[in-house]
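If you read the sequences in order, they're chains A and B. Take our numbering: the final residue in the first sequence is number 302, and no numbers are missing along the way. Take our numbering: the final residue in the second sequence is number 402, and no numbers are missing along the way. Glycine included, every Cβ here is placed at the ideal spot set by N, Cα and C. Here the structure comes first, spelled out in structure tokens, and everything after it is commentary.
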Amino acid sequence: MSRGLWITLGTTLGVGGAVFLGSRRASAASPSTKGPVDSNKPATLPAPTIELAALPTAADVHGDLVTNWGDTPPDLRPLFMLMEEVSKIPGTARLFGAIASGESAFVTTAHNGNAEKEQDERDDSRAAYTNNKDRNPPLRYGEEAADFGSGGLFGALAPYFLWTGVPEVGKKAPLLNTPPELVFQPRAAAFAACVYMQRLLAHYRIDDHADIKVGWASPSLLGKGRGSEKYSEVRARFLGVAKTLGIDLTDTKTIPQKLDASAWPGVPAVFAALVGALPKDLA
Amino acid sequence: MTPDLNCYGDDIRQLADLAGDFDLRSAVDVSRWYTREWQVIADPLGFRQPLASAPTAIPIGGDLVTTMNLAGLAAFERALQAAWTGGTDKQGRVQTAVIQQMAALGLQHGELWRVSVDPTTLTTGACYPDQGRMHRAFYPDTAPGYFGDGWPGPPPRAESACGWTTPLVLHLGTFPWVYSTQLEVVGAGARWGAPTAKPALEGLQVVASLMEPRTNLRQDARQVAAIYRHFVTHTAPLVAHVPTFVVGQAQPGMLYRRGGILHVHQGSLHVAYLHGPRGRIAAVAYNYVLRRFANFFAVRRATVRALATLTSDVQQLARDSADPCLRQHAQETARAS
Numbered sequence: 020m021s022r023g024l025w026i027t028l029g030t031t032l033g034v035g036g037a038v039f040l041g042s043r044r045a046s047a048a049s050p051s052t053k054g055p056v057d058s059n060k061p062a063t064l065p066a067p068t069i070e071l072a073a074l075p076t077a078a079d080v081h082g083d084l085v086t087n088w089g090d091t092p093p094d095l096r097p098l099f100m101l102m103e104e105v106s107k108i109p110g111t112a113r114l115f116g117a118i119a120s121g122e123s124a125f126v127t128t129a130h131n132g133n134a135e136k137e138q139d140e141r142d143d144s145r146a147a148y149t150n151n152k153d154r155n156p157p158l159r160y161g162e163e164a165a166d167f168g169s170g171g172l173f174g175a176l177a178p179y180f181l182w183t184g185v186p187e188v189g190k191k192a193p194l195l196n197t198p199p200e201l202v203f204q205p206r207a208a209a210f211a212a213c214v215y216m217q218r219l220l221a222h223y224r225i226d227d228h229a230d231i232k233v234g235w236a237s238p239s240l241l242g243k244g245r246g247s248e249k250y251s252e253v254r255a256r257f258l259g260v261a262k263t264l265g266i267d268l269t270d271t272k273t274i275p276q277k278l279d280a281s282a283w284p285g286v287p288a289v290f291a292a293l294v295g296a297l298p299k300d301l302a
Numbered sequence: 066m067t068p069d070l071n072c073y074g075d076d077i078r079q080l081a082d083l084a085g086d087f088d089l090r091s092a093v094d095v096s097r098w099y100t101r102e103w104q105v106i107a108d109p110l111g112f113r114q115p116l117a118s119a120p121t122a123i124p125i126g127g128d129l130v131t132t133m134n135l136a137g138l139a140a141f142e143r144a145l146q147a148a149w150t151g152g153t154d155k156q157g158r159v160q161t162a163v164i165q166q167m168a169a170l171g172l173q174h175g176e177l178w179r180v181s182v183d184p185t186t187l188t189t190g191a192c193y194p195d196q197g198r199m200h201r202a203f204y205p206d207t208a209p210g211y212f213g214d215g216w217p218g219p220p221p222r223a224e225s226a227c228g229w230t231t232p233l234v235l236h237l238g239t240f241p242w243v244y245s246t247q248l249e250v251v252g253a254g255a256r257w258g259a260p261t262a263k264p265a266l267e268g269l270q271v272v273a274s275l276m277e278p279r280t281n282l283r284q285d286a287r288q289v290a291a292i293y294r295h296f297v298t299h300t301a302p303l304v305a306h307v308p309t310f311v312v313g314q315a316q317p318g319m320l321y322r323r324g325g326i327l328h329v330h331q332g333s334l335h336v337a338y339l340h341g342p343r344g345r346i347a348a349v350a351y352n353y354v355l356r357r358f359a360n361f362f363a364v365r366r367a368t369v370r371a372l373a374t375l376t377s378d379v380q381q382l383a384r385d386s387a388d389p390c391l392r393q394h395a396q397e398t399a400r401a402s
């Protein structure tokens, strides 16, 4: 599947090409999302305050929160485990931990795009929005998403984050009316990450766990880009992150060698279990 | 007259309130309070799940506090085993032996919370062999930090085989944050792993023992109060800059003060730090350490209040204590009964 087709499908996370392959990391722990002011842009809507449920706790999950987690923060492990359990893809919890470590250093409000030097990240989200808005349902906060860059636990590029679920449920995708700042709420970021994980496993050639991170960077690297310098670089970086974090990707007791998304319950079920209901005017 | 903690100062009484009050004579109270306190310990150390599944059945004639402490320690041990990823026993064995020796010394002198010893007087000299060289088994934590202004001396009386030039100082009362200058997101003691020796378990056993009335009374509370006040002196200016949590007004990812501790709204406490002249302190370490102080004085308060119902040797401990506040409480209890 080409990158163009992938974007048409709606949601991708952490797309950034050279930017991503550079030192992509959390640049801010502030939820501020104000970019440079452009008086030629249409007036934007004030972003509503959305308060999702608090992070899940150990009591909310069944899976093992002790073995092979390395230095993954104990208060985030239940979220990663809940993601694995609701998406019914065994073994993904620790991979989500390793991905979050690389994308955000576990800072839920990590934001690439709010700093002056991060114009390239804003360029990416602007391009993502501009190139895809005619093929996807409208976003109520499309302009804000275009200016946002990427952020959250899993480094989601704002327009794709808000289009999460469009390929599956079309105009009923749950985040179309929400502002991009919602990505700072870990349950919302987790929902998008689950959808993306499932899509990678269902539609792409994933040879091993490092390939998942390659797809996270850019699905095109799993196709024509496979074996390229970028492909190798993303893999090496991910393996390094996992090692530093202390997660053993070869531990088949906690991470099966081959991940299986065949029991995926669907976007609505995953959204309901992770995020719950949004305020009526946003749903 | 109901004994309280006023003798130690108003700040100490308020500190104890952070952990809440309980009646040591009430099984329901003890069960509720110790369950919650072990959860507070388990959350930052990552063993909440094993704790939840730990058996808590009380043997007939058994002591409830001891039973709950044993359950907590067993859960921690299970987590240690599950999380262990490699390493040798050389350092772990020495660490285990040294902690046991230091804990015994500390208890003997009524200063178990912070133990400072000449490392050359310890078995193995607090050194362990590796690849033909001798290494220090612990970090020489002697610079000014959050628990004190430093312990540069006295130097060891004998020559150290592994280069000790200062005392060995461990803050066992706040295990695994045992070093005054290393309040990182993972306490140094939590990384003490070994295949068979379990120095980390030894460390947490000290924490558990201070929650047990007898050991709590043997610890001189003045040492704990002094370390607590030093901690507060150096953290209060940092915490003062943290906004207060207000329901409905909190922003995701922001660090707040909430209920006397630090809280990250919609985020992980494990990525938040306070930065001060004595170095950075992880928010999770701040909360844990503060709670250990609060826990100590909450147990002290409950124990003193229940003193008349405790065994005569425990009452004698209080009467013979070097701590004038405790002696005063013991006398009040004796008069009242």
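Quiz item: In the DSSP assignment, what are the bridge partners of D285 of chain B?
Solution: Position 220 of the second sequence, counting from 1, holds the residue named residue 285 of chain B. Bridge partners of D285 of chain B: none, in fact.
Quiz item: So E104 of chain A packs on H81 of chain A, CB below 8 Å; how close in whole Å?
Solution: In the first sequence, counting from the first residue as 1, residue 104 of chain A sits at position 85. In the first sequence, counting from the first residue as 1, residue 81 of chain A sits at position 62. Going by Cβ atoms, the distance from E104 of chain A to H81 of chain A rounds to 7 Å, so yes, they are a contact pair.
Self-check item: Residue-level contact to chain A via CB, Q156 of chain B, 7 Å cutoff
Solution: Sequence index remark: in the second sequence, residue 156 of chain B carries index 91 (1-based). Q156 of chain B does not count as touching chain A.
Exercise. Compare the C-beta of H340 of chain B against all C-beta atoms of chain A and say whether one is closer than 7 Å.
Key: The residue labelled residue 340 of chain B in the question sits at position 275 within the second sequence. False, the Cβ-Cβ gap to chain A never drops below 7 Å.
Quiz item: Nearest chain A C-beta to S386 of chain B closer than 7 Å, yes or no?
Solution: By 1-based counting over the second sequence, the position of residue 386 of chain B is 321. Output row for S386 of chain B: interface = no.
Exercise. Work out the CA separation of F141 of chain B and A209 of chain A for me, nearest whole Å.
Key: Along the first sequence, read from residue 1 onward, the residue named residue 209 of chain A stands at position 190. Along the second sequence, read from residue 1 onward, the residue named residue 141 of chain B stands at position 76. A209 of chain A and F141 of chain B have their C-alpha atoms spaced approximately 29 Å apart.
Quiz item: So, does the CB of D94 of chain A fall closer than 7 Å to a CB anywhere in chain B?
Solution: Here residue 94 of chain A is taken as the residue at index 75 of the first sequence, counted from 1. Taking Cβ atoms only, chain B reaches closer than 7 Å to D94 of chain A, which makes this a yes.
Quiz item: So, is E248 of chain A buried or exposed, given that buried needs 16 or more other C-beta atoms within 10 angstroms?
Solution: Position 229 of the first sequence holds residue 248 of chain A. When all chains shown are included, E248 of chain A counts as exposed.
Quiz item: Taking DSSP as the reference, what is the three-state secondary structure of S181 of chain B?
Solution: Numbered from 1 along the second sequence, position 116 holds the residue referred to as residue 181 of chain B. S181 of chain B: strand per DSSP, three-state reduction.
Quiz item: Would P198 of chain A pass as a contact of A177 of chain A if the rule is Cβ separation under 7 Å?
Solution: Looking up residue 198 of chain A in the first sequence gives position 179. Looking up residue 177 of chain A in the first sequence gives position 158. Contact: no.
Exercise. Specify the secondary structure class of D83 of chain A as computed by DSSP and reduced to three states.
Key: Translated into positions along the first sequence, residue 83 of chain A becomes position 64. Coil at D83 of chain A, not helix or strand.
Exercise. Using the DSSP secondary-structure output, state which residues sit across from I326 of chain B in a beta bridge.
Key: Position 261 of the second sequence, counted from the start, is the residue given in the question as residue 326 of chain B. Looking at the DSSP assignment, I326 of chain B forms a beta bridge with B:R323.
Self-check item: Close Cβ partners of A363 of chain B (< 6 Å) along its chain, the five nearest in sequence each way excluded
Solution: By 1-based counting over the second sequence, the position of residue 363 of chain B is 298. Hits under 6 Å: A81, A84.
Exercise. Measure the C-alpha to C-alpha separation of W88 of chain A and T398 of chain B and round it to an integer number of angstroms.
Key: Translated into positions along the first sequence, residue 88 of chain A becomes position 69. Translated into positions along the second sequence, residue 398 of chain B becomes position 333. Cα-Cα distance, rounded: 50 Å.
Quiz item: Would H306 of chain B count as contacting chain A if we go by Cβ distances under 7 Å?
Solution: Against the second sequence, residue 306 of chain B aligns to sequence position 241. For H306 of chain B, the answer is no, since every Cβ of chain A falls outside 7 Å of its Cβ.
Quiz item: Taking the DSSP output, what are the residues bridged to G344 of chain B?
Solution: Here the question's residue 344 of chain B lines up with position 279 in the second sequence. As computed with DSSP, G344 of chain B is found in a beta bridge with B:G341.
Exercise. Classify Y193 of chain B as helix, strand or coil using the three-state DSSP reduction.
Key: Translated into the one-based positions of the second sequence, residue 193 of chain B becomes position 128. Of the three classes helix, strand and coil, the one that applies to Y193 of chain B here is strand, per DSSP.
Quiz item: Listing by chain order, which chain B residues have their CB less than 9 Å from the CB of D90 of chain A?
Solution: On the first sequence, position 71 is the one that residue 90 of chain A refers to. Taking the beta carbon of D90 of chain A as reference, the chain B residues within 9 Å of it are V250, V251, H335, listed in sequence order.
Exercise. State the Cα-Cα distance for the pair V286 of chain A and V214 of chain A, rounded to the nearest angstrom.
Key: Translated into the one-based positions of the first sequence, residue 286 of chain A becomes position 267. Translated into the one-based positions of the first sequence, residue 214 of chain A becomes position 195. Straight-line Cα distance between these residues: approximately 7 Å.
Quiz item: Residue range of the alpha helix (DSSP H) that R143 of chain B falls in?
Solution: Within the second sequence, the letter at position 78 stands for residue 143 of chain B. Start and end: 129-148.
Self-check item: For V126 of chain A and V336 of chain B, the rounded distance between their alpha carbons
Solution: By one-based count along the second sequence, residue 336 of chain B stands at place 271. By one-based count along the first sequence, residue 126 of chain A stands at place 107. Going by the C-alpha atoms only, they are around 7 Å apart.
Quiz item: Along chain A, which residues have their Cβ under 8 Å away from the Cβ of Q114 of chain B?
Solution: Taking the first residue of the second sequence as 1, we reach residue 114 of chain B at position 49. A77, D83, L84, V85, listed in chain order.
Quiz item: Quick one: does A144 of chain B have its CB under 7 Å from some CB of chain A?
Solution: In the second sequence, counting from the first residue as 1, residue 144 of chain B sits at position 79. Yes, contact with chain A.
Quiz item: From which residue to which residue does the alpha helix (DSSP H) around V286 of chain A run?
Solution: Indexing the first sequence from 1 puts residue 286 of chain A at position 267. From DSSP, the alpha helix (DSSP H) with V286 of chain A extends over 286-293.
Quiz item: Any idea what DSSP makes of N352 of chain B, helix, strand or coil?
Solution: Numbered from 1 along the second sequence, position 287 holds the residue referred to as residue 352 of chain B. Helix at N352 of chain B.
Quiz item: Can you tell which of A:T86, A:I69, A:S106, A:D83 has the C-alpha that lies nearest to the C-alpha of A291 of chain A?
Solution: As a working note, residue 291 of chain A is residue 272 in the first sequence. Nearest C-alpha to A291 of chain A: A:S106.
Quiz item: The alpha helix (DSSP H) with H394 of chain B in it runs from where to where?
Solution: Here residue 394 of chain B corresponds to residue number 329 of the second sequence, with the count starting at 1. Element bounds for H394 of chain B: 389-401.
Quiz item: Are the CB atoms of Y99 of chain B and A290 of chain B nearer to each other than 7 Å?
Solution: Along the second sequence, read from residue 1 onward, the residue named residue 99 of chain B stands at position 34. Along the second sequence, read from residue 1 onward, the residue named residue 290 of chain B stands at position 225. Not a contact, by the Cβ cut-off of 7 Å.
Practice problem: Sort out for me which residues DSSP pairs V234 of chain B with in a bridge. | Solution: By 1-based counting over the second sequence, the position of residue 234 of chain B is 169. Beta-bridge annotation (DSSP): V234 of chain B is paired with B:S181.
Practice problem: Check whether the segment 263-275 of chain A touches the segment 166-185 of chain A, taking contact to mean three or more Cβ pairs, one atom from each stretch, closer than 8 Å. | Solution: no
Quiz item: How far does the alpha helix (DSSP H) with M276 of chain B in it reach, from first residue to last?
Solution: The sequence position of residue 276 of chain B within the second sequence is 211, counting from 1. Segment: none, M276 of chain B is in no alpha helix (DSSP H) and carries neither H nor E.
Quiz item: Got a sec, what are the start and stop residues for the beta strand (DSSP E) R101 of chain B sits in?
Solution: The residue labelled residue 101 of chain B in the question sits at position 36 within the second sequence. Note, R101 of chain B: premise wrong, no beta strand (DSSP E); alpha helix (DSSP H) at 92-110.
Quiz item: Alpha carbon to alpha carbon, what distance is there between A221 of chain A and A288 of chain A?
Solution: Taking the first residue of the first sequence as position 1, residue 288 of chain A is located at position 269. Taking the first residue of the first sequence as position 1, residue 221 of chain A is located at position 202. Answer to the nearest angstrom: the Cα atoms are 17 Å apart.
Self-check item: Cross-chain neighbours of A124 of chain A in chain B, by beta carbon under 8 Å
Solution: Taking the first residue of the first sequence as position 1, residue 124 of chain A is located at position 105. Under the 8 Å cutoff, chain B gives V336.
Quiz item: Between D94 of chain B and D88 of chain B, what straight-line distance do the alpha-carbon atoms span, to the nearest angstrom?
Solution: Taking the second sequence and counting its residues from 1, one reaches residue 94 of chain B at position 29. Taking the second sequence and counting its residues from 1, one reaches residue 88 of chain B at position 23. Cα-Cα distance, rounded: 6 Å.
Quiz item: Based on the DSSP secondary-structure assignment, which residues constitute the bridge partners of S106 of chain A?
Solution: On the first sequence, position 87 is the one that residue 106 of chain A refers to. Per DSSP, none; premise fails for S106 of chain A.
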